[in-house]
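One structure below.
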Amino acid sequence: MKNILLPTDFSQNAENALSFAVEIARLVKGNLILFHSYSVQLIDPNMPAEIYLSAYQEEEKAAKESLEGLKKRIINSNKDEAGNELFTTEAVVSQGLVVDETLSMIKDFKIDLVIMGTHGASGITELILGSNTASVIENSPVPVLAIPHNTGYREIRNIVYAYDDIKSGLPSFHKLLSFATICDADITLLHIIEKGKDTEDLNKREFDKIKSATNYDRINLKLVHEENVLEGINEYVNSNDVDVLAMTIKKRTLFDRIFNKSLTKKWHITQGYLCLLCIECAQLPDNNLNFFNNYP
Numbered sequence: 014m015k016n017i018l019l020p021t022d023f024s025q026n027a028e029n030a031l032s033f034a035v036e037i038a039r040l041v042k043g044n045l046i047l048f049h050s051y052s053v054q055l056i057d058p059n060m061p062a063e064i065y066l067s068a069y070q071e072e073e074k075a076a077k078e079s080l081e082g083l084k085k086r087i088i089n090s091n092k093d094e095a096g097n098e099l100f101t102t103e104a105v106v107s108q109g110l111v112v113d114e115t116l117s118m119i120k121d122f123k124i125d126l127v128i129m130g131t132h133g134a135s136g137i138t139e140l141i142l143g144s145n146t147a148s149v150i151e152n153s154p155v156p157v158l159a160i161p162h163n164t165g166y167r168e169i170r171n172i173v174y175a176y177d178d179i180k181s182g183l184p185s186f187h188k189l190l191s192f193a194t195i196c197d198a199d200i201t202l203l204h205i206i207e208k209g210k211d212t213e214d215l216n217k218r219e220f221d222k223i224k225s226a227t228n229y230d231r232i233n234l235k236l237v238h239e240e241n242v243l244e245g246i247n248e249y250v251n252s253n254d255v256d257v258l259a260m261t262i263k264k265r266t267l268f269d270r271i272f273n274k275s276l277t278k279k280w281h282i283t284q285g286y287l288c289l290l291c292i293e294c295a296q297l298p299d300n301n302l303n304f305f306n307n308y309p
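To convert, take the position in the sequence shown, counting from 1, and add 13; that gives the numbering used here.
Shown next, in the form of structure tokens:
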């Protein structure tokens, strides 16, 4: 079973992410799990318990009705000519904080891929500034695909994988390869060579090994000489037709380096439609990442 989790707050941003989730679920004939978490704020600590309980029940009822309505809409619009569902759909509602509940869902439902919407004028910028999506990415044991603000579904044809060390920084490349296979997309391995480092020959040799070890012909290597890594990535994605920027973040220091607020001025992704795929961040065993291990 290939389980795809879509956390939703019923906003337009979540609707954008839903369009990607539906298409990927169709491609893998998987199980799409719609998820909404809610919380009831206790404004007055002296509030009578029955009033709080009533507010809780109303919030829960509204959430379930909205999510079931969304589920019904998805099922009705994704059937074959014989009326059979193209993939299965579930709806789950829980009370609690979005990030905590999402991480619990990943574990409890054996989620393989999380797809989330972002907020703000630039989805990537909002991630850097800090959001629920960024927190899920940082702590998720499975890949997270973040869909930017105001981005409807489009076919994913060009994926850029920005890596740090080609020898130790591509442990999850097979997961990216499988994702690209699902989407029928090209992969560009992008490495920024900083000033004073002479690693071009090493990267080319290791790339040749990677390419010869796969049956996927649509893999290319791009080496860019730039003093600043983030500026190099930024310039490349803004100068090329890129649908998804993928990366593997296995160290907290690297996560901080990429998403730190102080770097936002250097990280201006002008392509506001650029999706971000974080293949791996939380350091958990690879057997928790079976979505990419088992497909195709």
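We treat Cβ as the ideally placed atom computed from N, Cα and C, and that holds for glycine. The structure displayed is predicted, hence computed values, not measured ones.
Could you tell me the distance, in whole angstroms, from the CA atom of E207 to the CA atom of N241? One Cα belongs to E207, the other to N241, and the distance between them is close to 6 Å.
Can you tell me the Cα-Cα spacing of T102 and L66, whole angstroms? T102 and L66: Cα-Cα distance of roughly 30 Å.
Backbone secondary structure at M60 - three-state DSSP: Note: M60 maps to coil in three-state DSSP.
What do you reckon, are the CB atoms on I200 and V237 nearer than 8 Å? In this structure, I200 sits away from V237, with a CB-CB distance that is not shorter than 8 Å.
Nearest to Y166 by alpha carbon, out of F23, E81, L19 and E36? The residue with the shortest Cα to Cα distance from Y166 is E36.
Compute the Euclidean distance between the alpha carbons of L287 and S107, then round it to the nearest angstrom. Each residue's Cα considered, the two are about 30 Å apart.
From L215 to G130, what does the alpha carbon distance come to, in whole angstroms? One C-alpha to the other measures close to 37 Å.
Cβ pair D256, N163 closer than 8 Å: For D256 and N163, no; Cβs fall outside 8 Å.
Using 8 Å as the threshold, is the segment 84 to 98 in touch with the segment 116 to 129, meaning 3 or more CB pairs across them? Because the criterion of three Cβ pairs below 8 Å is not met, the segment 84 to 98 and the segment 116 to 129 do not touch.
Taking the beta strand (DSSP E) that Y51 falls in, what are its first and last residues? Run containing Y51: N44 to Y51, per the beta strand (DSSP E) assignment.
Could you have a look at Y174 and say whether DSSP puts it in helix, strand or coil? Collapsing the DSSP output to three states places Y174 in a strand.
Would you kindly report the start and end of the unbroken beta strand (DSSP E) that includes L158? Note, L158: beta strand (DSSP E), V157 to I160.
Which of helix, strand or coil does DSSP assign to K92? In the displayed model, K92 falls within a strand according to three-state DSSP.
Name the two residues that bound the continuous alpha helix (DSSP H) containing I37. According to the DSSP assignment, I37 belongs to the alpha helix (DSSP H) that extends over Q25 to V41.
Of the listed residues R218, A175, R231 and D211, nearest to C196 (C-alpha basis): Selected option, being the one with the closest Cα: R231.
Rounded straight-line distance, which links the Cα of V41 to that of V157: In this structure, the alpha-carbon of V157 lies about 16 Å from that of V41.
Out of E239, Y176 and K224, which has the shortest C-alpha to C-alpha gap to T261? Comparing Cα-Cα distances from T261 to each of E239, Y176 and K224, the minimum goes to Y176.
Note down the Cα distance separating R86 from S79, rounded to an integer number of angstroms. Straight-line Cα distance between these residues: approximately 11 Å.
L234 - containing beta strand (DSSP E), residue span: Per DSSP, L234 belongs to the beta strand (DSSP E) from I232 to H238.
Where does the unbroken beta strand (DSSP E) through I128 begin, and where does it stop? Counting along the chain, the beta strand (DSSP E) containing I128 begins and ends at L126 to G130.
Is S24 buried or exposed, if buried means 16 or more other CB atoms sit within 10 Å of its CB? Counting Cβ neighbours within 10 Å, S24 comes out exposed, since fewer than 16 surround it.
For A27 and K77, the rounded distance between their alpha carbons: Straight-line spacing of the CA atoms in K77 and A27 works out to 16 Å.
Would you check whether the ligand COA has a heavy atom nearer than 7 Å to the C-beta of C196? Here there are no bound small molecules, and the ligand COA is not part of this structure.
Buried versus exposed call for N251 [16 or more other C-beta atoms within 10 Å across all chains shown]: Around the CB of N251, fewer than 16 other CB atoms lie within 10 Å, so the residue is classed as exposed.
Simplified DSSP state of A259, which is helix, strand or coil: In the three-state scheme derived from DSSP, where H, G and I count as helix and E and B as strand, A259 is classed as strand.
So for E103, helix, strand or coil by DSSP? Residue state, collapsed to three classes: strand.
Under the DSSP definition of a beta bridge, which residues are partnered with P154? Answer is none; P154 lacks a bridge partner.
First and last residue of the uninterrupted beta strand (DSSP E) at N16: N16 -> beta strand (DSSP E) spans N16 to P20.
Quick one, are the C-beta atoms of L202 and L243 less than 8 Å apart? Their beta carbons are not under 8 Å apart, which means L202 does not touch L243 by this criterion.
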